[in-house]
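See below for the structure under consideration.
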Amino acid sequence: MSSSTVDPADPVFQLHRGGKMAVVSTVPLTSRDDLSLAYTPGVARVCEAIAADPDLAHDYTWASRTVAVVTDGSAVLGLGNIGPSAALPVMEGKAVLFKQFGGIDAVPVCLATQDVDEIVAVVTALAPSFGGINLEDISAPRCFEVERRLDEALDIPVFHDDQHGTAIVVLAAMRNAATLLDRKLGDLRVAVSGAGAAGVAVTRMLVAGGVDPERVVVCDSRGIISRQRTGLTGTKAELAELTNADGRQGDITEALRDADVLIGVSGGLIPEPAVAGMAPGGIVFALANPTPEVDPEVAARHVAVVATGRSDYPNQINNVLAFPGVFRGALEARASRITDAMKVAAADAIASVVAETLTPEAIVPSPLDPRVAPAVADAVAEAARRDGVARA
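Going by the numbering used here, 589 is the number at position 194 of the sequence shown; the sequence numbering is gapless.
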């Protein structure tokens, strides 16, 4: 983008000038005594104590309340592979969302490499400065390996929000939609359009939350993923073994035939006749942004509940409902990792916030609802303790 495309009068550019965040001291620095306590010589005593007992870093540094927001700029929003510098405004935005909704400090870390080995090495080296790692906008399938390897290497939570944040909120919305329609999750036929980071994570999270994997069909750009297809990647081969017990083959239209639920996380447009082929009283989550896979007004002609990723329609599936509370709970419990049980607990907590006031237009809370993050944090911390990954 050239400088000629920047309009100084545009309120978006005005808001972003100079960035959206800053470091602020939590201690006074107005006298010699203040300086001697906060820095040298006083700080040396704290350093010596931590050197003798590294666990004290949790109490005497910011690590216990700070997350790194890490990207390589390879899959930024709907913009694609725009690189680390262009990704920085998004990572700044993510960091201020952590602070606003979770009370957690966060630092954008935009890496000038897209090599998996290098990303893992750099983040591992930086990890002592943080209490958790939020991976962001790293393209599939590399994102799966990056998260897996960091999760194995580090004793702090690692969470790829594009995968798990979306999946948690989808499960919460699905629980409430099923309740509203007097359906059981295990009885629903689900079609997932998209087998990238979000699609894989959503499928796995729905199964962890009670959806029958044999009643799930996942589609990628080539059609339905099945055991009969050749040339599948490791992750897609796993999906083929987990899902689609009927062995369906074909395109999204076939996947949606008599389906109760459509979850779109692909960005590919789905024709109205395919949606019309769903079972009566269905559910559509068309989450591509800014253009949903199915126009919400078109979807509403054929199903009972519609959700999107957009803020200008009801039922916004927004990751901000999940990640601030997930990390707050994980940090409060001093969890060494984020387990599936912690994610399911987060989804249940989100769902519970509006469980008594459900309507087809309100199956999830507003992203601005102040009840959400504390409820999620408490549920996640409790689940961490039950799972044996908590140290507090």
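Positions of the beta carbon are idealized from the N, C-alpha and C atoms, including for glycine.
These figures come from a predicted structure and were not determined experimentally.
For a test of the three-state rule: what should DSSP assign to Ala-770, helix, strand or coil?
Position 375 of the sequence shown holds residue 770. The answer is helix: DSSP assigns Ala-770 an H, G or I state.
So what's Asp-782 in DSSP terms, helix, strand or just coil?
In the sequence shown, counting from the first residue as 1, residue 782 sits at position 387. Helix at Asp-782.
Give the C-beta separation of Gly-527 and Phe-722 to the nearest angstrom, bearing in mind that I take them to be a contact with Cβ-Cβ under 8 Å.
Start at 1 with the first residue of the sequence shown, and residue 527 comes out as number 132. Start at 1 with the first residue of the sequence shown, and residue 722 comes out as number 327. The Cβ separation is near 5 Å, so the contact holds.
Three or more beta-carbon pairs under 8 Å between the region 652-665 and the region 591-599, yes or no?
These segments touch.
According to DSSP, what are the bridge partners of His-555?
Within the sequence shown, residue 555 is the residue found at index 160, counting from 1. Residue pairing of His-555 in beta bridges, as defined by DSSP: Leu-530.
Near Glu-542, which residues of its chain fall below 7 Å by C-beta distance, leaving aside the five closest residues on each side in sequence?
Reading the sequence shown from its first residue, position 147 is the one you call residue 542. Around Glu-542, the same chain offers Leu-530, Val-553, His-555 as residues with beta carbons nearer than 7 Å, after the five sequence neighbours per side are excluded.
Cβ shell of Pro-536 (< 7 Å), same chain only, five flanking positions each side left out:
Translated into the one-based positions of the sequence shown, residue 536 becomes position 141. So the list reads Thr-628, Thr-630, once near-sequence residues are dropped.
Taking the straight line between their C-alpha atoms, what separation do you get for Thr-703 and Arg-578?
Here residue 703 is taken as the residue at index 308 of the sequence shown, counted from 1. Here residue 578 is taken as the residue at index 183 of the sequence shown, counted from 1. Thr-703 and Arg-578: Cα-Cα distance of roughly 21 Å.
Out of His-453, Ala-516, Pro-608, which one is the CA nearest neighbour of Ala-548?
One-based indexing of the sequence shown puts residue 548 at position 153. For Ala-548, the nearest C-alpha among the options comes from Ala-516.
Quick check: the Cα distance between Arg-378 and Asp-743, rounded to an integer number of angstroms?
Any answer about residue 378 is impossible in this case: the structure gives the chain only from 396 up to 787.
Along the chain, where does the beta strand (DSSP E) containing Pro-503 start, and where does it finish?
On the sequence shown, residue 503 is found 108 positions in, with the first residue counted as 1. Start and end: 500-505.
Kindly confirm or deny that the region 776-785 and the region 747-757 touch, where touching means at least three C-beta pairs closer than 8 Å.
They do not touch, by the three-pair rule.
Distance, Val-585 Cα to Glu-729 Cα
In the sequence shown, residue 729 corresponds to position 334, counting from 1. In the sequence shown, residue 585 corresponds to position 190, counting from 1. In the sequence as displayed, the identity of residue 729 is Arg instead of Glu. Near 36 Å, if we compare the C-alpha coordinates of Val-585 and Arg-729.
Say whether the region 507-526 touches the region 466-475, bearing in mind that this needs 3 or more beta-carbon pairs closer than 8 Å, one atom from each stretch.
When C-beta atoms of the region 507-526 are compared with those of the region 466-475, three or more pairs fall below 8 Å, so the two segments count as touching.
Check whether the Cβ atoms of Ala-567 and Ala-736 sit closer than 8 Å, and answer yes or no.
Within the sequence shown, the letter at position 172 stands for residue 567. Within the sequence shown, the letter at position 341 stands for residue 736. Cβ distance not < 8 Å, so Ala-567 and Ala-736 don't count as in contact.
Classify Leu-410 as buried or exposed, calling it buried when 16 or more other Cβ atoms lie within 10 Å of its own Cβ.
For the purposes of this step, residue 410 is identified with residue 15 of the sequence shown, where counting begins at 1. Burial call: exposed.
Taking only the alpha-carbon atoms, compute the straight-line gap between Asp-764 and Phe-493 and give it to the nearest angstrom.
Start at 1 with the first residue of the sequence shown, and residue 764 comes out as number 369. Start at 1 with the first residue of the sequence shown, and residue 493 comes out as number 98. Each residue's alpha carbon lies about 14 Å from the other.
Could you tell me the distance, in whole angstroms, from the CA atom of Glu-649 to the CA atom of Glu-609?
Here residue 649 refers to the residue found at position 254 when the sequence shown is read from its first residue. Here residue 609 refers to the residue found at position 214 when the sequence shown is read from its first residue. For Glu-649 and Glu-609, the distance between alpha carbons rounds to 16 Å.
Alpha-carbon spacing of Arg-344 relative to Ile-551, whole angstroms:
Look at the range of the chain in this structure, 396 to 787, and you will see that residue 344 is not part of it.
Pick helix, strand or coil for Ser-588, following the three-state DSSP scheme.
One-based indexing of the sequence shown puts residue 588 at position 193. DSSP, reduced to helix, strand and coil, places Ser-588 within a strand of the structure shown.
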